Amino acid sequence: MADSDTQALLSKLLQDAGVSDLRIQTFFDHVQKFNNAVDPAWLTTGFENAKPSDLKYDPYSMQDAWTEKYDTFPGWNCRITACGLFGDFITVTGKADLDSAEDTLFMDYETLDSDPESLCGDERQKFDALFAPVKTTNTTDIPTHLKTIQQEWKKRGLSFVEDDKIRLVSVVLHDQFSETDNSLMIGHVGVMIPTSDAVYFVEKVAFQEPYRLLKFKNRTELSDYLMLKYDNSWGQDTAHTFIMENSDLMDGWRILDEQENAS
Numbered sequence: 013m014a015d016s017d018t019q020a021l022l023s024k025l026l027q028d029a030g031v032s033d034l035r036i037q038t039f040f041d042h043v044q045k046f047n048n049a050v051d052p053a054w055l056t057t058g059f060e061n062a063k064p065s066d067l068k069y070d071p072y073s074m075q076d077a078w079t080e081k082y083d084t085f086p087g088w089n090c091r092i093t094a095c096g097l098f099g100d101f102i103t104v105t106g107k108a109d110l111d112s113a114e115d116t117l118f119m120d121y122e123t124l125d126s127d128p129e130s131l132c133g134d135e136r137q138k139f140d141a142l143f144a145p146v147k148t149t150n151t152t153d154i155p156t157h158l159k160t161i162q163q164e165w166k167k168r169g170l171s172f173v174e175d176d177k178i179r180l181v182s183v184v185l186h187d188q189f190s191e192t193d194n195s196l197m198i199g200h201v202g203v204m205i206p207t208s209d210a211v212y213f214v215e216k217v218a219f220q221e222p223y224r225l226l227k228f229k230n231r232t233e234l235s236d237y238l239m240l241k242y243d244n245s246w247g248q249d250t251a252h253t254f255i256m257e258n259s260d261l262m263d264g265w266r267i268l269d270e271q272e273n274a275s
């Protein structure tokens with residue numbers, strides 16, 4: 013997302029979807045800071061066809077370039093970016109025991125402590141309710157895990173403003189620490205903007221990796237992209253990665269067979 017045309021397209025998509033000017037401006041401020049810190053040759057201009065695993069950059073070199081400019085400040089990751097853009101479409105009315113969040117979201121909190129404006133005026137409570145891990149049972153049954161996370165979000169008072177023009181897409185990972193200690197966590201997240209002719213997906217790949225605007229024909233193509241990147245449960249006792257659209261299983265989500273996943 014290095015060129016003005018792509019940024020203008022995304023800005024228009026976000027405006028049409030009802031994202032506030034403050035949230036759009038904050039997002040693009042972060043984009044510019046990141047892009048200015050790294051080698052332009054590592055970034056994409058316009059849209060390019062690529063496999064999910066294709067990279068134009070070395071992640072370690074990119075991390076070094078960021079650190080040289082911003083020292084110990086981690087930057088912004090997928091969760092902070094998505095919450096900043098999508099915050100007006102999330103409502104939190106309750107509280108829950110979120111102590112477990114400290115162990116898994118400590119780098120997110122480093123950024124939010126240094127740059128609380130990343131959430132565009134939202135309380136940290138909204139971020140915690142969405143991203144704190146959810147305790148689950150030791151099973152590979154995805155409907156069970158889906159129901160568990162839905163019930164926990166309800167307990168936390170978390171709900172979504174349902175709008176067909178903009179959706180939160182969350183990649184849910186099952187972590188198994190022991191037979192009796194299992195959790196679900198949003199390992200990656202982005203904002204989906206469906207239009208009449210495409211499905212757009214906005215993501216920050218990682219703290220010291222780029223912002224991207226991706227274009228797909230439909231939700232299944234988006235699902236396949238995310239599953240190829242994040243479903244590594246083959247041959248393990250954990251459930252497959254699953255993808256949520258707001259609070260439900262994403263339309264078009266599917267598990268790829270092992271051969272597709274390895275290709």
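Going by the numbering used here, the first residue of the sequence shown is number 13, and it counts up by one from there. The C-beta atom is built at its ideal place from N, Cα and C for all residues, glycine as well. Because the structure is a prediction, the values reported are computed rather than measured.
Item                                                                                                                                                                     : Value
Mind checking ASN61: buried by the 16 CB within 10 Å criterion, or exposed?                                                                                              : exposed
Whole-angstrom Cβ separation of GLY202 and ASN230, contact assumed at under 8 Å?                                                                                         : Actually they are not in contact, since the Cβ atoms of GLY202 and ASN230 sit about 16 Å apart, beyond 8 Å.
Quick one: give me the first and last residue of the alpha helix (DSSP H) that ILE36 is part of.                                                                         : 33-49
For the putative contact between ARG168 and GLY96, defined by C-beta atoms under 8 Å, what is the C-beta separation to the nearest angstrom?                             : With 8 Å as the limit, ARG168 and GLY96 do not qualify as a contact, their Cβ atoms being about 20 Å apart.
Let me confirm a value: TRP246 is counted as buried when at least 16 other C-beta atoms fall within 10 Å, else exposed. Which label applies?                             : exposed
Excluding the five sequence neighbours on either side, which residues of its own chain have a C-beta within less than 7 Å of the C-beta of ALA77, listed in chain order? : ALA49, VAL50 and ASP51
Just confirm the distance between the C-beta atoms of ASP120 and ASN89, as a whole number of angstroms; I'd bet it's less than 8 Å.                                      : 6 Å
Tell me which residues share the same chain as VAL104 and place their Cβ nearer than 6 Å to its Cβ, disregarding the 5 neighbours each side in the sequence.             : GLN137, LYS138, ALA141, GLY169 and LEU170
Assign ASN194 to one of two classes, buried (16 or more other C-beta atoms within 10 Å of its C-beta) or exposed (fewer than that).                                      : buried
Taking the runs of the alpha helix (DSSP H) that are 4 residues or longer, which of them lie wholly in the segment 65-115?                                               : 71-82 and 90-98
Following the continuous alpha helix (DSSP H) through LYS229, name the residue where it begins and the one where it ends.                                                : Run containing LYS229: none; DSSP gives neither H nor E here.
Could you tell me if THR38 is buried or exposed, where buried requires 16 or more neighbouring beta carbons within 10 angstroms of its beta carbon?                      : buried
Which residue from ASP15, VAL31 and LEU21 puts its Cα closest to that of ASP175?                                                                                         : VAL31
Mark PHE254 as exposed unless 16 or more other C-beta atoms lie within 10 angstroms of its C-beta, in which case mark it buried.                                         : buried
Could you check if PHE11 is buried or exposed, using at least 16 other CB atoms within 10 Å of its CB as the buried criterion?                                           : Only positions 13 to 275 of the chain appear in this structure, which leaves residue 11 out of reach.
Pull up the distance between the alpha-carbon of PHE59 and that of GLU191, whole angstroms please.                                                                       : 44 Å
Among residues of its own chain, excluding the 5 on either side of TYR242, which ones have a beta-carbon nearer than 8 Å to its beta-carbon?                             : VAL183, LEU185, GLY199, HIS200 and THR253
Give a yes or no on contact between the segment 15-35 and the segment 214-230, applying the rule of three or more CB pairs nearer than 8 Å.                              : yes
Considering only C-alpha positions, which residue in the set GLN44, ALA29 and PRO71 is nearest to PHE101?                                                                : ALA29
What's the gap between the Cα of PRO86 and the Cα of THR149?                                                                                                             : 33 Å
For MET197, which three-state DSSP category applies?                                                                                                                     : strand
Could you please give the first and the last residue of the uninterrupted alpha helix (DSSP H) stretch that includes MET119?                                             : 118-126
Here's a check: name, in chain order, each residue in its chain whose Cβ is nearer than 6 Å to the Cβ of PHE219, leaving out the five neighbours to either side.         : PRO86, GLY87 and ASN89
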